Amino acid sequence: MPLAGDEIFLDDFLPQLGPWTAFTPTYGAAGGSPAIGNGSLVGRYLRMGKTVFYVARMTWGSTTVTGTSFLRFGLPSTPNAAIDYIGSAMLLDVSAGTAGYLTSTSMASAVPYVLIGAPTGGLVTNTIPFTLASGDIVRWAGTYEEP
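Its first residue numbered 0, the sequence shown is counted upward by one per residue in numbering that gives the first Met the number 0.
Encoded structure:
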């Protein structure tokens, strides 16, 4: 227990948090039958009390199917349904060499997932803001409260 006047450093508390835990986010779309195929989908999270920090990445493969509507990605646990959460996301169009920095919104429901906003408005889909193809990457990260 620190005393008045003691210096406290965040690094002193980090070992108590433990390591980040790997998880595989679920992948879906509002329409069609999306499938990861030979792409990759990885994530990691850190739980601190009822607060969850997460990062994840999906890389499209040559056999990845994107579905026909907005994309959604699962979270490591169920968020508090009383709150909307905001995180960040980046889409990388490898063939064009361009990246867009977007906002992701975590939606609380029976199956928690993240929706990613498109720079042109609306949500990221199989063709917005660009047609997703082999090698393209979506990264997202955020923080939310568990119930």
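Think of the CB as a built atom: it goes at the ideal place given N, C-alpha and C, for glycine as much as any other residue. Small disclaimer: the values here were computed from a predicted structure and weren't measured.
- Spanning the alpha carbons of M57 and E6 requires a straight line of approximately 41 Å.
- F69 places its beta carbon less than 8 Å from that of V123.
- The C-alpha of P146 lies about 10 Å from the C-alpha of I82.
- About 28 Å separates the CB atoms of S133 and W19; that is not less than 8 Å, and the two are not in contact.
- Bridge pairing for S133: absent [DSSP].
- The alpha helix (DSSP H) runs of length 4 or more contained entirely in the segment 65-102 do not exist; there are none.
- Non-local beta-carbon contacts of Y44 in its own chain, meaning distances under 7 Å to residues more than five positions away in sequence, involve W19, T20, F22, V51, F52, Y53 and P75 in chain order.
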